[in-house]
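For reference, each letter of the sequence shown is one residue, going -20 to -1, 1 to 668 in mature numbering (1 follows the signal peptide of the UniProt record, and there is no 0).
Following: one structure in structure tokens, then a few remarks.
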Amino acid sequence: MKRHLVSALMLSLIAGLAGAADTAKSAAPASSKVASKKPVSGVATEYIDSTVRAQDDLFTHMNGKWLASTEIPADKSSWGAFAKLRDDIQPQLRAIIEGAAANKAGGPEAQRIGDFYASFMDEAKLEQLGLTPLNAELAKVAAISDKKQLPQLIAHFNQIGVTAPYGYVIHQDNKDSTKYVADLQQDGLGMPDRDYYLKADDAKLADILAKYELHVGKMLTMAGDAHGAVTAHAIVEFEKELAKLQWTKVELRDPVKGYNKVDIAKLGEVAPGYDWNAYLTDAGVQGKASYVIVGQPTYLKGLTALLDKTPLDTLKAYFQWHLISSFAPYLSKAYVDENFAFYSAVLSGVSEQRPRWKRGVSVTEGALGEAVGKLYVQEQFPAERKKRMEDLVKNLLAAYKSSIDKLDWMGPETKKQAQAKLAKFTTKIGYPNKWRDYTALQISKDDLVGNVLRSRQFDYNKELNKLGKPIDRDEWGMTPQTVNAYYNPEMNEIVFPAAILQPPFFNADADDAVNYGAIGGVIGHEISHGFDDQGAQYDGDGNLRDWWTADDHKNFAAKTKMLVEQYNQFSPLPGYHVNGELTLGENIADNSGVAIAYKAYKLSLHGKQAPVIDGLTGDQRFYMGFAQVWRVKMREAAQIQQIKTDPHSPGQFRANGTMRNQPGFYDAFGIKPGDKMYLPPAERVLMW
């Protein structure tokens, strides 16, 4: 289960290094020095399509030649700036991991890394074992003889990271950010979203549903079910009923609606007839907390009724299926291939599996992320890169501080609260101050499934043990080698892992303009999440609290409504439109982040004129730097999945949709009525 509170830059999730309380106090923003004596533009001019005007389609103008000449790699569902950078990092991580395996003097942590990777790479051993590594877990499901035993089984599945109808996450209490709390949440589907089960009028989704049922049947048959197809149908029908009960992705974005504090003793009033005491005891929560947060009360109430009416054999088959599916990538080739055939080929349109070593790197990172990250930072993250990033962040925070004071739609009382929140921002750059300790994690080089089980349990225990403890403000939600960034409203922090601080996001040899447009846009984006439609509901201490006046709420709602309507019009595929409500927070962050980054860029010039490089002005390079970051191509199936599940708009609309609202973009490229990028001033959304 994944939290929906943290707003990240991309798809798909914390050593404060420069607190905003310090950075925002500076009256004059810091300037960043260019590393090269003769700066380059940083704009990928080789990809510019001069037959498409920037005034009509900046995304295609910037990336047209790349779009025309680039094929998505066979083992990828999409390809672009993010995917390429992630792929470029893989050989570096492989060298680190294989080096750890070869370094006999590297100590216990290096041995864990090497042994985990070795257990994945031993294909002959896995082929010999087949399904047997899961026998003990499958036996636990088979032993269920009464529905009264389901709470304990679900608690166990939560601990070993296997899909179940519900689970919980540990995070800060949204209304008391000094405490950790368990948040019960809906779960249980084998496909990405409820729409995949319920949109019978969508031919593509209906086809995927039919293929999902075939896939479930094949996997069960391989596991020894003589009636796999019949069993699969019953499982899919059960998941359909779960889907009907679940809240939509848009509903899940509302933190107020999702905050339902319930005393543990009164959980039976929310979802009657279910042994919550048995679940919470086996889950380890009982005795550590007196209350929980119920994320979706109507779902839990409906679930208990659904469990009552569903035959026990169907429920046992459902759990067996998800157990096999969860561990299929770590079994013999037949299971690996069938898992790939549905989850990669059908759902994402991928035609070829990634090389085994890349999959080995991924699973090793998943289990020992910070151990690998520590070595990655030592080898790949120069200290000067962090210093320039700190300067950029200071400028962005200063620009935000100035911008709040000048807003014409926000009153003085709310502005004061906004400034107080901004002053409490924490910034984390590169890597954590305190690295995670993996001493208690036992790894064996000849037991892959066991390694995965133990690492999942290890992660579960880490989260569970937070209950009743002080908030760990040094914790990171991403590893240093992650190409991403995020804002966490409960911590009121922005976090930028080391791996994103390189081209095309951050180019140490480039003139500042493109860096402010690219990584500056990223920084501004994450700061803006503190003031998007979700983040703005939290105060500077991370508490869910309304700090807005009624008039300011009204003004903000009018602007967000306009933005929703703008993005609803975008269609990356025939018959599929961007969901402006689902993507609202990220669209606010894109639009506001670029606006703030542009102001910060202007401040960094200290009144001087930016040089013209490659025939491009500083302002043009700024906006082009942002547009080239979103260079991407996606397979149709992956694009549908993004539209249905991802709170981010497709890349071309992150570029073009954002630019249409930026006054500086109109000036930089001479946008005028009749140009396709033109919006009348009254229709432009200017927020921060």
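For every residue, glycine included, the Cβ atom is placed at its ideal position computed from N, Cα and C.
Please read all numbers here as calculations on a predicted model, not as lab measurements.
How many Å lie between residue i and residue j at the Cα?
i: Q152; j: G448; result: 11 Å
i: Q139; j: F438; result: 9 Å
i: D388; j: A618; result: 41 Å
i: S99; j: S424; result: 7 Å
i: S629; j: K105; result: 43 Å
i: G522; j: G248; result: 30 Å
i: H533; j: Q517; result: 11 Å
i: I503; j: L109; result: 48 Å
i: Q300; j: P131; result: 15 Å
i: I150; j: L164; result: 9 Å
i: A590; j: D492; result: 9 Å
i: G595; j: I507; result: 32 Å
i: F606; j: R66; result: 18 Å
i: T25; j: Y578; result: 21 Å
i: D513; j: I568; result: 8 Å
i: H(-17); j: R233; result: Because the pLDDT of H(-17) is 39, which lies under 50, any placement of that residue in the model is unreliable, and the question is left without a value.
i: I134; j: A580; result: 50 Å
i: residue 669; j: E561; result: An answer regarding residue 669 cannot be provided, because it is not within the stretch -20 to 668 covered by the chain.
i: W415; j: N464; result: 19 Å
i: Q226; j: Q70; result: 37 Å
i: N636; j: R611; result: 11 Å
i: S125; j: M458; result: 41 Å
i: A75; j: Q360; result: 12 Å
Please go through the same chain and pick out, in chain order, the residues whose beta-carbon is closer than 6 Å to the beta-carbon of residue i, but skip the five residues on each side of it.
i: T529; result: G391, E393, T394
i: K539; result: V665, M667
i: I651; result: Q35, M657, Y658
i: A80; result: G86, A90, I93, G94
i: Y315; result: A308
i: residue 682; result: This structure leaves residue 682 out entirely; the chain is present only between -20 and 668.
i: N257; result: none
Count the other C-beta atoms from every protein chain shown that fall within 10 angstroms of the C-beta of residue i, then say buried if there are 16 or more, exposed otherwise.
i: K613; result: buried
i: S331; result: exposed
i: E350; result: buried
i: R453; result: exposed
i: N115; result: exposed
i: P252; result: exposed
i: Q358; result: exposed
i: P88; result: exposed
i: V196; result: buried
i: R601; result: buried
i: V475; result: buried
i: residue 679; result: Since the first and last residues shown for the chain are -20 and 668, residue 679 lies out of range.
i: N413; result: exposed
i: T406; result: buried
i: K313; result: exposed
Select from the options the residue whose C-alpha is nearest the C-alpha of residue i.
i: Q622; options: S306, P172, F39, L73; result: P172
i: V20; options: R339, V494, F218, S30; result: V494
i: L185; options: V373, M639, I384, Y556; result: Y556
i: A209; options: E219, D234, E193, L428; result: E193
i: residue 733; options: A575, I593, L596, S312; result: Past the boundaries of the shown model lies residue 733; the chain is included only from -20 to 668, so the question cannot be answered.
i: I620; options: Q608, L583, P554; result: P554
i: F649; options: L38, I28, S49; result: L38
i: E616; options: K624, G22, A465; result: K624
i: Y411; options: L355, L232, G631; result: L355
i: R174; options: K401, V216, A662; result: V216
i: Q333; options: R33, V32, A635, K56; result: K56
i: P335; options: K18, A63, V609, M101; result: M101
Quick one: what's got a C-beta closer than 7 Å to residue i's C-beta in the same chain, skipping five residues either side?
i: E221; result: L286
i: P277; result: N240, V250
i: L583; result: P9, N375, A378, A379
i: K107; result: Going by the sequence as given, residue 107 is Glu instead of Lys. Counting only Cβ-Cβ distances below 7 Å, and skipping sequence neighbours, we find S312, K313.
Please go through the same chain and pick out, in chain order, the residues whose beta-carbon is closer than 8 Å to the beta-carbon of residue i, but skip the five residues on each side of it.
i: residue 669; result: Here the chain has residues from -20 to 668 only, and residue 669 is not among them.
i: I77; result: I93, G94, Y97, G340, V341, T344, V352
i: D647; result: D599
i: D655; result: R33, Q35, D36
Check whether the Cβ of residue i lies closer than 6 Å to any heavy atom of the ligand SAH, and answer yes or no.
i: N487; result: For the structure depicted, the ligand SAH is absent and the ligand set is empty, with no information on it obtainable.
Item checked: Complete beta strand (DSSP E) runs within the stretch 78 to 166 (minimum length 3 residues, chain order) -> 146 to 153, 156 to 166
Check: Can you list, in chain order, the stretches of the alpha helix (DSSP H) that have 4 or more residues and sit fully within the stretch 349 to 426?
Finding: 363 to 386, 392 to 403
Next item on the list: May I have a chain-ordered list of the alpha helix (DSSP H) segments no shorter than 4 residues that lie completely inside the stretch 550 to 632?
Entry: 564 to 584, 598 to 609, 616 to 625
Notebook entry, point to check: Can you give, in chain order, each stretch of the beta strand (DSSP E) that sits fully within the stretch 257 to 290 and has at least 3 residues?
Noted result: The qualifying runs are 271 to 274.
Note to self: If we require 4 or more residues per run, which alpha helix (DSSP H) segments fall completely within the stretch 422 to 460?
What the structure shows: The qualifying runs are 428 to 444.
Margin query: Please give me, in chain order, every unbroken run of the alpha helix (DSSP H) with length at least 4 that falls completely inside the stretch 458 to 513.
Written below: 492 to 497, 499 to 509
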